[in-house]
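S.K.:
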Amino acid sequence: MPARLTVTLTGLVAGAMLLGAVVPAGAQADRVADMKADMKADKMADSVVSRLVAWRARTDQPVALPALTAFDWDSFSVVRTPAGMAMANCNRDGFLPCDKDLQPSPDTLVQVLRFDRAGQPVYQERIMVASAQFSDPLPHAVPRTRATLVTCADDAGQRRWCLQPQSPAHGAPSALRSLDGG
103 MPARLTVTLT
113 GLVAGAMLLG
123 AVVPAGAQAD
133 RVADMKADMK
143 ADKMADSVVS
153 RLVAWRARTD
163 QPVALPALTA
173 FDWDSFSVVR
183 TPAGMAMANC
193 NRDGFLPCDK
203 DLQPSPDTLV
213 QVLRFDRAGQ
223 PVYQERIMVA
233 SAQFSDPLPH
243 AVPRTRATLV
253 TCADDAGQRR
263 WCLQPQSPAH
273 GAPSALRSLD
283 GG
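Under my numbering, think of the first position of the sequence shown as 103, with each following residue one higher.
Structure below.
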């Protein structure tokens, strides 16, 4: 009887993660191009949060947030807001499980990733997984041109997303830097 090859989603994901682990660190443009192709080919996770999780699973390199979005926006923020009502579709085929961490009590504060265009919200999504959470202070009204994220550690040592610091050339003029002790 010939041997049969069974391909599972878990096997494909594990293989993709292994391949991602051997890609040279300088290949960010290739990774972004691959993710963009995935987004177009099968509407890979219309979720920006899932793209952040996927990026972190592949590498700890900085990521330009515009590369992970498929819509127009001018600025982004992360805010804390009460979790609100639980999702009605959990534990059904094709939907998220009703895990306690994914269904916090309505008054629990959760992070929400929000994108604005011309001062109006165009997209927002709850951040329910630790690997996609942002460190304090949370980003607020960050222009698209400054929206590069890096991995940093929070007070408890957990890996979080932070804004990439601006280079001194873009910071305060040297005459003003001395006023803040710099």
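A virtual CB, placed ideally from N, CA and C, is assigned to each residue, including glycine.
None of these values were measured; they are calculated from a predicted model.
Determine the extent of the alpha helix (DSSP H) in which W175 is found, giving its start and end residues.
M.R.: Neither: W175 is in no alpha helix (DSSP H) and is coded neither H nor E.
S.K.: Roughly how many whole angstroms lie between the Cα atoms of V252 and R182?
M.R.: 20 Å
S.K.: Which value, in whole angstroms, describes the spacing of the CA atoms of V155 and A234?
M.R.: 6 Å
S.K.: Inspect the CB distances between the stretch 220-229 and the stretch 167-181 and report whether three or more fall short of 8 Å.
M.R.: Yes: the two stretches touch, three or more of their Cβ pairs being nearer than 8 Å.
S.K.: Tell me, which residues are paired with R160 by DSSP?
M.R.: DSSP lists no partner for R160.
S.K.: Helix, strand or coil: which one does DSSP assign to S269?
M.R.: coil
S.K.: Relative to the C-alpha of C231, which residue among T250, W263, P239, T247 is closest?
M.R.: Sequence check: residue 231 is Val here, not Cys. In terms of CA proximity to V231, W263 leads the group T250, W263, P239, T247.
S.K.: Express the C-alpha separation of P168 and H242 in angstroms, rounding to a whole number.
M.R.: A direct Cα-to-Cα measurement between H242 and P168 gives close to 16 Å.
S.K.: Verify whether the separation of the beta carbon atoms of A185 and P164 is less than 8 Å.
M.R.: The Cβ atoms of A185 and P164 do not sit closer than 8 Å to each other.
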